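So the sequence lines, in the order shown, correspond to chains A and B.
Quick note, the first sequence lines up with residues 19 to 124 if you use the numbering used here.
Quick note, the second sequence lines up with residues 10 to 393 if you use the numbering used here.
We put the beta carbon where it would ideally sit given N, CA and C, even for glycine.
All values derive from a computational prediction rather than experimental measurement.
Data first, discussion second: the structure below is written as structure tokens.
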Amino acid sequence: MPKKSEVKIIFESIKDMPPLAVSLYTMDYNKTGSWRNVRPIIDYDKCTYCTICWKFCPEPSIDLEKIEVDGKEKFKPIINYKYCKGCGICWTECPVDAIYTEEESE
Amino acid sequence: MRKVIIGNHALSYGAMLSRAQVIAAYPITPQTEVIELLSEMCANGELDAKFIKVESEHSAMTACVGASATGVRTFTATSAQGLALMHEVLHWAVGARTPVVMGNINRAMAPPWTIWTEQTDSLSQRDTGWMQIYCQNNQEVLDSVIQAYKVAEQVKLPAMVILAAFVLSHTSETVEMPEQEKVDEFLPPYELEYKIDPDDPHAFGGLTGPDGYFELRYIIQKAIEDAIPKWEEVGEEFGKLFGRSYGLVETYKIEDAKELIISSATVASTARSAIDYLREKGKKVGLLRIRVFRPFPAEKVKSLLSAIDKAIVIDRNISFGASGIFYQEVKAACYNEKNKPPIFGVITGLGGRDVGKKDIIDIYEYVMKQDKVESDIIWKGVRV
Numbered sequence: 019m020p021k022k023s024e025v026k027i028i029f030e031s032i033k034d035m036p037p038l039a040v041s042l043y044t045m046d047y048n049k050t051g052s053w054r055n056v057r058p059i060i061d062y063d064k065c066t067y068c069t070i071c072w073k074f075c076p077e078p079s080i081d082l083e084k085i086e087v088d089g090k091e092k093f094k095p096i097i098n099y100k101y102c103k104g105c106g107i108c109w110t111e112c113p114v115d116a117i118y119t120e121e122e123s124e
Numbered sequence: 010m011r012k013v014i015i016g017n018h019a020l021s022y023g024a025m026l027s028r029a030q031v032i033a034a035y036p037i038t039p040q041t042e043v044i045e046l047l048s049e050m051c052a053n054g055e056l057d058a059k060f061i062k063v064e065s066e067h068s069a070m071t072a073c074v075g076a077s078a079t080g081v082r083t084f085t086a087t088s089a090q091g092l093a094l095m096h097e098v099l100h101w102a103v104g105a106r107t108p109v110v111m112g113n114i115n116r117a118m119a120p121p122w123t124i125w126t127e128q129t130d131s132l133s134q135r136d137t138g139w140m141q142i143y144c145q146n147n148q149e150v151l152d153s154v155i156q157a158y159k160v161a162e163q164v165k166l167p168a169m170v171i172l173a174a175f176v177l178s179h180t181s182e183t184v185e186m187p188e189q190e191k192v193d194e195f196l197p198p199y200e201l202e203y204k205i206d207p208d209d210p211h212a213f214g215g216l217t218g219p220d221g222y223f224e225l226r227y228i229i230q231k232a233i234e235d236a237i238p239k240w241e242e243v244g245e246e247f248g249k250l251f252g253r254s255y256g257l258v259e260t261y262k263i264e265d266a267k268e269l270i271i272s273s274a275t276v277a278s279t280a281r282s283a284i285d286y287l288r289e290k291g292k293k294v295g296l297l298r299i300r301v302f303r304p305f306p307a308e309k310v311k312s313l314l315s316a317i318d319k320a321i322v323i324d325r326n327i328s329f330g331a332s333g334i335f336y337q338e339v340k341a342a343c344y345n346e347k348n349k350p351p352i353f354g355v356i357t358g359l360g361g362r363d364v365g366k367k368d369i370i371d372i373y374e375y376v377m378k379q380d381k382v383e384s385d386i387i388w389k390g391v392r393v
């Protein structure tokens with residue numbers, strides 16, 4: 019299969035197309051964050067680094083960063099707003115209510 | 010080697026000889042011995058395949074499509090309500106270009122609950138893009154499974170091998186068993202250019218907008234059109250290796266025919282003996298059996314009908330609100346032709362009511378008395 023590209027491929031004719039709907043590129047170009055009405059924000063003072071939000075994020079647009087807390091290795095969730103659609107699963111699932119929301123203004 | 014087997018087992022042996030690698034099936038009604046025998050073959054090691062028992066026909070077809078997309082040969086079988094339940098995934102198999110092969114035993118649709126033969130179940134799936142092969146005996150059933158894989162894998166479209174409930178499915182006939190080495194020679198291992206591969210991940214069947222979907226449909230139509238000559242080529246090649254040739258259609262006593270009886274599956278087989286009788290009486294009648302219904306062999310039908318005076322299409326199926334389905338297709342194929350005969354459509358044998366030689370002779374004699382087509386349906390054998 020051809021190399022993947024990060025820009026959307028527009029086929030000029032069927033000669034360039036595969037015979038079936040198969041992705042030849044990543045979906046990186048499709049910035050689904052623009053769909054978001056409500057922005058989730060993680061309150062790191064409350065966050066226990068349990069990573070439940072990361073597990074539940076369906077997009078997935080929560081990335082984990084390795085950090086050290088009290089000499090222990092932890093994973094800090096960071097929301098990728100380029101792709102987060104604001105579906106609400108993370109703030110619903112968070113066991114310590116560490117994710118609050120704000121209306122998107124633009 | 011010859012074996013006396015029922016039509017259901019002819020499907021099983023066809024899948025076995027084709028070396029199906031994944032078989033997914035729902036094991037309860039309306040399932041038949043097709044899957045029973047295949048599960049035994051998988052259990053005793055005769056067939057090196059993964060047998061997946063699923064909770065519905067919808068899941069059976071889904072498992073086949075998924076497995077096929079990884080580049081393995083897949084098989085399933087069903088009937089009537091089971092086929093209807095698969096409907097969504099039948100479209101998926103075509104769009105995903107997975108050459109799944111399936112056996113369908115033609116049973117009438119419920120309600121009322123029934124298990125006897127009629128073709129409306131498979132004909133209701135005619136617009137999905139599945140290729141459809143209607144068989145007239147158990148030998149053809151077995152041979153068609155092997156050919157179906159060959160054509161399906163070349164054009165990357167699924168194929169349905171179809172046989173009449175009871176008339177073939179539960180009737181024992183002598184069947185010549187092709188030798189495995191020869192089948193392997195005829196049917197090379199399945200290769201797929203675009204397949205699911207964890208080392209090279211891609212999304213399959215993902216959201217496609219108006220900028221791409223239209224072309225993908227066009228490509229499918231071109232692929233199924235390509236299958237028209239392929240069914241002929243593959244049928245001939247099969248004949249060279251195994252001594253039994255097949256094509257899109259089969260004709261019988263058409264050389265000097267003035268009238269043509271057109272039918273499919275086992276009704277066409279019965280029509281052959283009716284034609285022998287009528288020929289003895291001096292009638293110039295021949296038979297056109299449509300074996301491959303999708304892709305529809307329109308060119309064959311047009312050229313055969315251009316030289317005759319009357320055509321009679323016998324359907325064991327109905328499209329409510331219209332007419333018999335083969336009748337519609339034959340009529341549509343001929344509409345723009347300059348030379349075409351009047352085409353009479355007969356519906357008979359719904360729900361497995363017997364269609365015998367005498368019924369076909371009666372149909373022929375009735376039509377011979379008609380000057381023109383008065384109605385799209387001539388009912389034969391219904392008590393009104």
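Keeping to the same chain, check which residues put their C-beta closer than 7 Å to that of I27/A; ignore five residues upstream and five downstream.
Sequence index remark: in the first sequence, residue 27/A carries index 9 (1-based). Excluding residues within five positions, the ones whose Cβ falls inside 7 Å are L42, Y43.
For the candidate residues D63/A, P58/A, K49/A, whose alpha-carbon lies nearest to that of G106/A?
By 1-based counting over the first sequence, the position of residue 106/A is 88. Distance from the Cα of G106/A is smallest, within the candidate group D63/A, P58/A, K49/A, for P58/A.
Leaving out five residues on either side along the sequence, give the residues of the same chain with a beta carbon under 6 Å from the beta carbon of A173/B.
Within the second sequence, numbered from 1, the residue matching residue 173/B stands at position 164. Excluding residues within five positions, the ones whose Cβ falls inside 6 Å are N115, T126, A274, T275.
Considering only the alpha carbon of each residue, which of Q90/B, S332/B, A320/B, G104/B lies closest to E224/B?
For the purposes of this step, residue 224/B is taken as residue 215 along the second sequence, with counting starting at 1. Answer by Cα proximity: G104/B.
Determine, using beta carbons only, whether Y101/A and T50/A come nearer to each other than 7 Å.
Position 83 of the first sequence holds residue 101/A. Position 32 of the first sequence holds residue 50/A. Result yes, Cβ atoms of Y101/A and T50/A sit closer than 7 Å.
For R106/B, which residues in chain A fall below 8 Å Cβ to Cβ?
As a position in the second sequence, residue 106/B is number 97, starting the count at 1. Those are P37, L38, listed as they occur along chain A.
Beta-carbon of S41/A versus every beta-carbon of chain B: anything under 7 Å?
Translated into the one-based positions of the first sequence, residue 41/A becomes position 23. The beta carbon of S41/A sits closer than 7 Å to some beta carbon of chain B.
Helix, strand or coil: how does DSSP classify P36/A here?
By one-based count along the first sequence, residue 36/A stands at place 18. Three-state DSSP puts P36/A in coil, outside helix and strand.
How would you write the range of the alpha helix (DSSP H) that L225/B sits in, first residue to last?
Start at 1 with the first residue of the second sequence, and residue 225/B comes out as number 216. 222-251 is the extent of the alpha helix (DSSP H) around L225/B.
Is it buried or exposed for R392/B, if we count other Cβ within 10 angstroms and need 16 for buried?
Looking up residue 392/B in the second sequence gives position 383. It is exposed - the Cβ of R392/B has fewer than 16 other Cβ atoms within 10 Å.
Is F213/B close to chain A, meaning its C-beta is less than 7 Å from at least one C-beta of that chain?
Walking along the second sequence from the start, residue 213/B turns up at place 204. Taking 7 Å as the CB threshold, F213/B lines the interface with chain A.
Under 6 Å Cβ to Cβ from L359/B, same chain only, skipping five residues before and after it: list those, please.
In the second sequence, the residue the question calls residue 359/B occupies position 350. For L359/B, where only same-chain residues beyond five positions count, the Cβ hits under 6 Å are E127.
Start and end of the beta strand (DSSP E) containing E91/A?
If you number the first sequence from 1, residue 91/A lands on position 73. E91/A -> beta strand (DSSP E) spans 90-97.
Just the C-alpha distance for D46/A and V25/A, rounded to the nearest angstrom, thanks.
Here residue 46/A corresponds to residue number 28 of the first sequence, with the count starting at 1. Here residue 25/A corresponds to residue number 7 of the first sequence, with the count starting at 1. Those two C-alpha atoms are separated by around 8 Å.
Threshold first: 3 residues or longer. Then list the beta strand (DSSP E) segments lying entirely within the region 270-306 of chain B, N to C.
As far as the region 270-306 of chain B is concerned, its whole beta strand (DSSP E) runs of at least 3 residues are 294-299, 301-303.
Does I14/B come within less than 7 Å of chain A when only Cβ atoms are used?
As a working mapping, residue 14/B is identified with position 5 in the second sequence. Answer no: the Cβ-Cβ gap between I14/B and chain A never drops below 7 Å.
Among the residues of its own chain, which have a CB less than 6 Å from the CB of M10/B, if the five just before and after it don't count?
Residue numbering aside, residue 10/B sits at position 1 when the second sequence is read from its first letter. Excluding residues within five positions, the ones whose Cβ falls inside 6 Å are M186.
Under 7 Å, do V43/B and A86/B count as touching if we go by C-beta distance?
Position 34 of the second sequence, counted from the first residue, corresponds to residue 43/B. Position 77 of the second sequence, counted from the first residue, corresponds to residue 86/B. Yes. Within cutoff.
Go through its chain and collect everything with a Cβ distance to W388/B's Cβ below 7 Å, but skip five positions before and after it.
Here residue 388/B refers to the residue found at position 379 when the second sequence is read from its first residue. So the list reads I356, once near-sequence residues are dropped.
Specify the secondary structure class of F84/B as computed by DSSP and reduced to three states.
Along the second sequence, read from residue 1 onward, the residue named residue 84/B stands at position 75. It is a strand residue.
Which residue marks the beginning of the beta strand (DSSP E) containing Y261/B, and which one marks its end?
Counting from one through the second sequence, the residue named residue 261/B turns up at place 252. First-last of the beta strand (DSSP E) with Y261/B: 258-261.
Assuming I60/A contacts I97/A (C-beta within less than 8 Å), just tell me the rounded distance between them.
If you number the first sequence from 1, residue 60/A lands on position 42. If you number the first sequence from 1, residue 97/A lands on position 79. So it is a contact: roughly 6 Å between Cβ atoms.
What whole-angstrom Cβ distance do T279/B and K366/B have, given they're in contact under 8 Å?
As a first step, residue 279/B must be located in the second sequence, where it is residue number 270. As a first step, residue 366/B must be located in the second sequence, where it is residue number 357. Contact holds; Cβ gap of about 6 Å.
Could you please give me the residues that DSSP links to P58/A through a beta bridge?
Sequence index remark: in the first sequence, residue 58/A carries index 40 (1-based). Paired residue(s): T119/A.
Secondary structure at F195/B, three-state DSSP: helix, strand or coil?
If you number the second sequence from 1, residue 195/B lands on position 186. Of the three classes helix, strand and coil, the one that applies to F195/B here is helix, per DSSP.
Relative to the C-alpha of S31/A, which candidate in Y222/B, S328/B, L269/B has its C-alpha closest?
For the purposes of this step, residue 31/A is identified with residue 13 of the first sequence, where counting begins at 1. Distances from the alpha-carbon of S31/A to those of Y222/B, S328/B, L269/B put Y222/B closest.
I'd like to know whether the C-beta atoms of F353/B and V382/B end up nearer to each other than 7 Å.
As a first step, residue 353/B must be located in the second sequence, where it is residue number 344. As a first step, residue 382/B must be located in the second sequence, where it is residue number 373. In this structure, V382/B lies closer than 7 Å to F353/B by Cβ.
How many angstroms separate the CA atom of I271/B from the CA atom of G215/B?
Here the question's residue 271/B lines up with position 262 in the second sequence. Here the question's residue 215/B lines up with position 206 in the second sequence. Cα atoms of I271/B and G215/B: separation of roughly 42 Å, rounded to the nearest angstrom.
Check whether the Cβ of Y203/B lies closer than 7 Å to any Cβ atom in chain A.
Here residue 203/B corresponds to residue number 194 of the second sequence, with the count starting at 1. Closer than 7 Å: yes.
Do A102/B and A69/B have their C-beta atoms within less than 7 Å of each other?
The residue you call residue 102/B lines up with position 93 of the second sequence. The residue you call residue 69/B lines up with position 60 of the second sequence. Not a contact, by the Cβ cut-off of 7 Å.
Please classify N326/B: is it buried, with 16 or more other beta-carbons within 10 angstroms of its beta-carbon, or exposed?
Reading the second sequence from its first residue, position 317 is the one you call residue 326/B. Looking at its Cβ environment, which holds 16 or more other Cβ atoms inside 10 Å, N326/B is buried.
State the beta-bridge partners of K309/B as determined by DSSP.
On the second sequence, residue 309/B is found 300 positions in, with the first residue counted as 1. Beta-bridge analysis with DSSP links K309/B to no other residue.
Determine whether the Cβ of I32/A lies closer than 7 Å to any Cβ atom of chain B.
Sequence index remark: in the first sequence, residue 32/A carries index 14 (1-based). Cβ-Cβ to chain B under 7 Å: yes for I32/A.
Can you check whether the C-beta of E224/B is within less than 7 Å of a C-beta belonging to chain A?
Here the question's residue 224/B lines up with position 215 in the second sequence. So, interface residue.
Listing by chain order, which chain A residues have their CB less than 9 Å from the CB of G75/B?
For the purposes of this step, residue 75/B is taken as residue 66 along the second sequence, with counting starting at 1. Ordered by position in chain A, no residue passes the 9 Å Cβ test against G75/B, which lies about 14 Å from the chain.
Mapping the DSSP letters down to three states, classify Q141/B as helix, strand or coil.
Residue numbering aside, residue 141/B sits at position 132 when the second sequence is read from its first letter. DSSP places Q141/B in strand when its eight states are reduced to three.
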